[in-house]
Amino acid sequence: MQVSYNLLKEYVDIDMSAEELAQRLTINGIILERMENISTEIEKVVVGKITSMSQHPENKKLIICQVDIKEGTLQIICGAKNIKVSDKVAVALDGAKLPQIGIIKSK
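Counting from 1, one number per residue, gives the positions in the sequence shown under UniProt numbering.
Below you can see the structure in the form of structure tokens.
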């Protein structure tokens, strides 16, 4: 089972680093197969807020979203059906590095 340290902190008051928590869990008999810090592998990903949505004129399966990020507004085309105006979404900017995916380039 994989557990996010940040998600765990939302449910449990933790006053130690992820490394210290892993060490304490191991000392108390919980098997920890591995610990990864993926935040060091992610670059140029920001949080955006969807401000408007419209149907793509040529493809009914796609949605055109206007997404506000700190630097301005971006137009993003996506196929997600579970989003709505005011949702906060992860935005991979041009040149973003994501584990397992590589570098994202704009089209």
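Glycine included, every Cβ here is placed at the ideal spot set by N, Cα and C. All of these numbers come straight from a predicted model, not from anything done at the bench.
From the DSSP output, in three-state form, read off Ile77 for me. Shown here, Ile77 sits in a strand according to DSSP, grouped into three states.
Give the DSSP-derived three-state secondary structure of Gln23 in the structure shown. Residue state, collapsed to three classes: helix.
From the DSSP output, read off the bridge partner residues of Ala90. BP columns for Ala90 point to Val47.
Rounded distance between the beta-carbons of Val67 and Ile50, thought under 8 Å: Yes, Ile50 and Val67 are in contact; Cβ-Cβ is about 6 Å, under 8 Å.
Taking just the CA atoms, how far does Cys65 sit from Thr73? A direct Cα-to-Cα measurement between Thr73 and Cys65 gives close to 10 Å.
Helix, strand or coil: how does DSSP classify Ser39 here? Ser39 falls in the helix class under three-state DSSP.
If you draw a straight line from the alpha carbon of Ile77 to that of Lys97, how long is it in whole angstroms? Taking C-alpha positions only, Ile77 is separated from Lys97 by approximately 19 Å.
Apart from the five residues on each side of it in sequence, which residues of its chain come closer than 6 Å, Cβ to Cβ, to Leu62? Contacts found: His56, Ile77, Gly79.
May I ask you to list the residues that DSSP assigns as paired with Asp68? According to DSSP, Asp68 bridges with Lys49, Thr73.
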